[in-house]
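What follows is a short report on a single structure.
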Amino acid sequence: MERKVILPGEFIGKNVKVQGPFYKIQDSYYSSIYGLLEDNQNYKKIIPLAGKYIPRPGDLVIGYVKDIEFSNWIFDINSPYIGILPVEEFSRPVDLPKEDLRKLLPLGTVAYILVKEFGRERKAILSLKDKRVKILKKGRIIEIPPVKVPRIIGKKSSMIKMLKEKLKISIIVAQNGRIWLNGNVDDVLYAEKIINYIVKYAHISGLTDKVKEIIERREIPE
Amino acid sequence: MRPRDEILANIKRNFILEVLRSNKRIDGRGFNDYRKIEVKTGVIKKAEGSALVRIGNTEVLAGVKLSIGTPYPDTPNEGALIVNTELVPLASAMFEPGPPDENSIELARVVDRALREGEVLDLEKLCIVEGEKVWLVYVDIYSLNYDGNLFDACCLAALAALLDARFPKLEDDRVIYEEKTSVRLPIKNYPLEVTYAKIDEYIVLDPCYEEEEVMDARITFGIKQDGSICAIQKGGRGSFKREEILKLYDNAVEKAKYLRSFLNI
Amino acid sequence: MKLGKPERMIINGRRLDGRGLYELRPIKMKVGVLKNADGSSYLEWGGNKILCAVHGPRELHPKHLARPDKAILRCIYSMATFSVKERKKPGPDRRSIELSKVIREALENVVFLHLFPQTVIDVYIKVLQSDGGTRCASIVAASLALADAGIPMKDLVAACAAGKVDGQIVLDLFEIEDNYGEADLPVAIVPKTGEIVLLQMDGNMTREEFEKALELAISGALKVYELQKKALYEKYGASYETKR
């Protein structure tokens, strides 16, 4: 599968199937971003190299409480758009106004949380009513460009599985580019270096095997 | 700059403390280590002197401009040094354009203080005609990338740029900026700043951004080449103990000497 | 005659910096130079040195400035105090406010702002050293930084100036020609469509001279466009030569 760098305004083809950020004039397709073009048999795919996280329903993100209103928590979700956790979406029924939201989830609380809706209001409605969500009480949060998240996960989760196995720590990779690492301090700091390396060389093929070798030798990557 | 009361993810500080407890820092340094330092001079030809300084990922650019002005009435035989520091939005998403906020004013004043009180220039030698004409020396410092400890980076860049500077040609009353002479500025002292951050009970040299984000207090020493102090600034709502400050002072003298080794003097 | 004006600025078809009439100055571009920005670029164009950072799209404060249907683009052009011969006072002046506006308007033409309602995209341009033609250089740097930030656009914006010096039409004026020449004509274009998105003129030209200068400026911008593309390919190690 061939990949090449593509620029905003670059012609992709006529009457082709295109995935990703493109624009169209009559039958002609053009890339609207600076990215990579993947030439698949039946379609062409534009893979962004940069860009902010825009919420999508069904995503799991890592956010932290940055404000508390009467019946909502406001989350920073590393996006141009804020996250709102309405009290109805808390993990259990809350008896308002008797209960104090500030005690349930204080300012600064970090959560791995579900994006339930993202509508015209441009606010992500979050929910803790999901089995996969988690309040994160310790560990380290690092941020990578959200477009690199698929690379950290890898094809059929190959990269993330390998990382978890070899690095001996817990890892949660959220769609908004935040990654939670938890375990022995040295292992966490080492994992951070490995992840930065993957981000830096995300556009290179055969990366999973290369990273695996680096970790097996406990090498510090440049 | 980021408001001081900005909410942070609560586990951030805990992790940094956990690392400090194991006698390390998040970027792998020892408590008393600077990050990698680079000093490059002569980068802006339009300036009479310039220097680009990197401390880790923190990057600042200082430029020196000279002009002719009238002396202050109380110092008729002295030129003047005017130091200005700007936190440019290039350096961080937290820096906003517009009038400087309290953080950038503090930075500018503390850097200025070390250079002024440290008498970096022999101001009398900047006098052209007593009471009438003197050289005004402007040092402007821009932050290009912010990853903590702008104090030390700005002060080092300012001194490096002053050392790099040459007088332009003076013809009658006109400054010919296109023609630089080989005459250096009258440098008298080599003051530099050394900054520490305190996080809980731990004190670290040259804090990076993540450490500054969670620190309780900060202290900056302006140190001259003879080991005397010319400026101090404590910042943050935390505190230092008397013994801590005296110990840090001794350490800062050594560290200032180390910083000075990056200058060609 | 203005003080300091050279007697002649074109001698035997050569300009004071040694260039021919239709020659560009040396240009160097690099993208992704600032760690804390979402996108960034560094540009050297003759003696101009320009750094540009893009932050965004991001939340806009105060909220009432936000548009429900699109992102707003904010653009700030500013000069370092030591970027010019005589120290420039810090802070915005009328010139930098005007330049910020025309640069922003040129960029607004290509950025797909409707994709990010209620947000802001900030473009900061710092001229570290100036040598004439900073507005064209700034647009070039800004569109590189926007691309680097992953902002969707219909094309890059390319720019170049032409002008009149010693009665002759020349490409890409440097500082002395800018100061003492008869006319300066900065032009920015959308190369894909040929649309002109910035056009200013300062000086005096005839109809014929203007047409020739406009043509020349556009041809210069197209050369600059090739260099912009090259800088973007090179960030990921892709060879530009094989791309063409």
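Protein chains in written order, with numbering that gives the first Met the number 0: chain A, 0 to 221; chain B, 0 to 264; chain C, 0 to 243.
Here a beta-carbon is modelled for each residue, glycine too, at the ideal position from N, C-alpha and C.
Which residues in chain A have a C-beta closer than 7 Å to the C-beta of residue i? List them in chain order.
| i | result |
| --- | --- |
| D154 of chain C | P7 and G8 |
| F30 of chain B | Chain A residues near F30 of chain B: none, gap ~15 Å exceeds 7 Å. |
| T118 of chain C | P79 |
| G193 of chain C | Simply none; closest approach about 12 Å. |
DSSP on residue i, reduced to helix/strand/coil?
| i | result |
| --- | --- |
| A141 of chain C | helix |
| P47 of chain A | strand |
| A230 of chain C | helix |
| P54 of chain A | coil |
| Y137 of chain B | strand |
| A46 of chain B | coil |
| F14 of chain B | helix |
| F239 of chain B | coil |
| N144 of chain B | strand |
| T57 of chain B | strand |
| R115 of chain B | helix |
| F81 of chain C | coil |
| M214 of chain B | coil |
| I171 of chain A | strand |
| Y21 of chain C | coil |
| L7 of chain B | coil |
| V110 of chain B | helix |
| T133 of chain C | helix |
| P149 of chain A | helix |
| Y257 of chain B | helix |
| C207 of chain B | coil |
| T241 of chain C | Low confidence applies here, because T241 of chain C scores a pLDDT of 44, under 50, leaving its location unreliable; read the following figure in that light. T241 of chain C falls in the helix class under three-state DSSP. |
| V87 of chain B | coil |
| I193 of chain A | helix |
| V17 of chain A | strand |
| K11 of chain A | Note that residue 11 of chain A is Ile in the sequence shown here, rather than Lys. Residue state, collapsed to three classes: strand. |
| Y33 of chain A | coil |
| K4 of chain C | coil |
| T207 of chain A | helix |
| K303 of chain B | Because chain B in this structure spans residues 0 to 264, residue 303 of chain B falls outside the shown range and cannot be described. |
| M158 of chain A | helix |
Who are the Cβ neighbours of residue i in its own chain at under 7 Å, not counting the five residues just before and after it?
| i | result |
| --- | --- |
| I243 of chain A | This structure gives no information on residue 243 of chain A, because the portion of chain A shown stretches from 0 to 221. |
| F150 of chain B | L106, V109, V110, E192, T194 and T219 |
| K168 of chain B | I175, E178 and T180 |
| G55 of chain C | D37, T118, V119, I120 and D121 |
| D16 of chain C | F173 |
Give the interface partners of residue i over in chain A, defined as CB-CB distance under 9 Å, in chain order.
| i | result |
| --- | --- |
| A159 of chain B | Those do not exist, as A159 of chain B stays about 28 Å from chain A at its closest Cβ, beyond 9 Å. |
| A146 of chain C | L6, P7, I32, Y33 and A49 |
| E58 of chain C | S78, P79, Y80 and I81 |
What residues of chain C sit near residue i, judged by a beta carbon separation below 8 Å?
| i | result |
| --- | --- |
| V146 of chain A | G149 |
| S91 of chain B | N35 |
List the residues of chain B that residue i touches, going by C-beta distances under 7 Å, in chain order.
| i | result |
| --- | --- |
| K65 of chain A | I6 |
| R139 of chain A | F14 |
| I168 of chain C | Correct list: empty, because the minimum Cβ distance to chain B is about 27 Å. |
Please return the same chain residues whose Cβ sits closer than 6 Å to the Cβ of residue i, not counting the five positions on each side in sequence.
| i | result |
| --- | --- |
| I178 of chain A | I141 and V172 |
| G45 of chain C | R24, D130 and F173 |
| E9 of chain A | S30 |
| T133 of chain C | N47 and V126 |
| E58 of chain B | L143 and N144 |
| Y21 of chain C | L170 |
| I213 of chain A | P220 |
Which same chain residues, not among the five before or five after residue i, have their C-beta less than 8 Å away from its C-beta?
| i | result |
| --- | --- |
| Q227 of chain C | M28, V139, S142, L143, L155 and A157 |
| K163 of chain A | S169 and I170 |
| V198 of chain A | I143, P144, K147, R150 and I151 |
| R115 of chain B | L80 and V82 |
Could you name the residues of chain C that residue i contacts, counting a contact when the two beta carbons are closer than 7 Å?
| i | result |
| --- | --- |
| Y196 of chain A | Chain C residues near Y196 of chain A: none, gap ~16 Å exceeds 7 Å. |
| R121 of chain A | P116 and Q117 |
List the residues of chain B whose Cβ lies closer than 8 Å to the Cβ of residue i, in chain order.
| i | result |
| --- | --- |
| K136 of chain A | I10 |
| A79 of chain C | I43, L60, G62, D139 and Y141 |
Quick one: which unbroken beta strand (DSSP E) runs of 3-plus residues sit fully inside the stretch 26–66 of chain C? Chain order, please. 26–30, 38–44 and 47–58
What are the residues of the stretch 60–72 of chain C that lie near chain A, defined by any Cβ-Cβ distance shorter than 7 Å? none
Within the stretch 168–228 of chain C, note down every full alpha helix (DSSP H) run reaching 4 residues or more, in order along the chain. 174–179
Using a Cβ-Cβ cutoff of 7 Å, what residues of the stretch 97–108 of chain B are near chain C? List them in chain order. none
My parser needs the beta strand (DSSP E) runs of 3 or more residues fully inside the stretch 81–147 of chain A; what are they? 82–85, 109–117, 123–126, 133–135 and 139–142
Can you give, in chain order, each stretch of the alpha helix (DSSP H) that sits fully within the stretch 64–129 of chain C and has at least 4 residues? 93–107
Positions along the stretch 31–48 of chain B whose CB lies within less than 7 Å of some CB in chain C: I43, K44, K45 and A46
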